[in-house]
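Just so you know, we're using the working numbering here: the sequence shown kicks off at 399 and counts up by one.
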Amino acid sequence: MKGGNGSAAPLLVPTSALPSGWTATKARDTRGYRMTVCGVDLEPSEPVDGAQQNWRRSSGGPYLEQHVRVYPDATAQRVVAALARKMPGCTTYTAKDDKGQSTFAVEKRALKGAPSGTVAWRQRVPLVVPVAASGPTATPTTRTVEVVQDVAVRRVGAAVVLVNAYAVEADPDDAVLVTALTEAG
Numbered sequence: 399m400k401g402g403n404g405s406a407a408p409l410l411v412p413t414s415a416l417p418s419g420w421t422a423t424k425a426r427d428t429r430g431y432r433m434t435v436c437g438v439d440l441e442p443s444e445p446v447d448g449a450q451q452n453w454r455r456s457s458g459g460p461y462l463e464q465h466v467r468v469y470p471d472a473t474a475q476r477v478v479a480a481l482a483r484k485m486p487g488c489t490t491y492t493a494k495d496d497k498g499q500s501t502f503a504v505e506k507r508a509l510k511g512a513p514s515g516t517v518a519w520r521q522r523v524p525l526v527v528p529v530a531a532s533g534p535t536a537t538p539t540t541r542t543v544e545v546v547q548d549v550a551v552r553r554v555g556a557a558v559v560l561v562n563a564y565a566v567e568a569d570p571d572d573a574v575l576v577t578a579l580t581e582a583g
């Protein structure tokens, strides 16, 4: 995070800790992940530091990303505790951004082998993607695919560590998700 204090980077999972075949990819903008999941603001205040890392198994997935946000107070504890309270009764939430909104179907998950205190859920969202047109007079079309994400959040000291394993029209790799959760911090 530009201007951060450097405390988030040590919590990033090294690629060498992941199973064979996972490669690091360029992380998207790490300025934040301002969103509310099941009524819980995942980034309720400005962190003192943040970091992100992304990986993929192949160009078509599955994918893995990790976000770390470090706070100067008990924010991390409050965020994870609020998710633990809200997740069992949550079945959907809607996220909005400058491109519109998406509604996610949600189900609480138990990840075997995950560190104690981990809150995990599976979320599904339809995504409209372009389909290449063939032939000189063909009109481009679209189709809807389902993105399946297994998301897990845990607190490590003053940090919230969020790991998201996802795939298109397939179940994500829970083994790599648990590995990343365990290796973070």
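Glycine included, C-beta positions come from ideal geometry on N, C-alpha and C.
Note that this is a predicted model, so its numbers are computed, not measured.
| field | Reduced DSSP category for T428 - H, G, I as helix; E, B as strand; rest coil | value | Because the pLDDT at T428 is just 49, under 50, the model does not fix this residue reliably, and the value given afterwards should be weighed accordingly. Correct three-state label for T428: coil.
| task | Can you grab the Cα-Cα spacing for the pair Q547 / V523, in whole Å? | result | Each residue's alpha carbon lies about 9 Å from the other.
| task | In the DSSP assignment, find the beta strand (DSSP E) that holds V411 and state where it starts and stops. | result | Here V411 belongs to no beta strand (DSSP E), and DSSP marks it neither H nor E.
| query | A550 and T516 look like a contact to me (Cβ under 8 Å); what is the Cβ gap, rounded to whole Å? | reply | 5 Å
| said: By the DSSP assignment, the beta strand (DSSP E) with L462 in it spans what residues? | reply: Y461 to V468
| Of all the alpha helix (DSSP H) runs that stay within the bounds of the segment 502-566, which reach a length of 4 or more residues? | Listed in chain order, nothing qualifies, since the segment 502-566 has no complete alpha helix (DSSP H) run of 4 or more residues.
| said: Please identify the residue among C488, T473, S456 and D447 whose C-alpha is closest to the C-alpha of G437. | reply: C488
| field | Integer Cβ distance of L509 from L575, believed to fall under 8 Å | value | 7 Å
| message | Are there any heavy atoms of the ligand NAD lying less than 7 Å away from the beta-carbon of A508, as far as the coordinates show? | response | Among the ligands in the structure shown, none appear at all, so the ligand NAD cannot be discussed.
| field | Residues of its chain near A474, where Cβ-Cβ distance is below 6 Å and the 5 sequence neighbours each way are ignored | value | R553, A556, A557 and V558
| message | Among R507, V466, P513 and Q521, whose alpha-carbon lies nearest the alpha-carbon of T492? | response | Q521
| field | Collapsed DSSP secondary structure at D447 in the structure displayed | value | Of the three classes helix, strand and coil, the one that applies to D447 here is strand, per DSSP.
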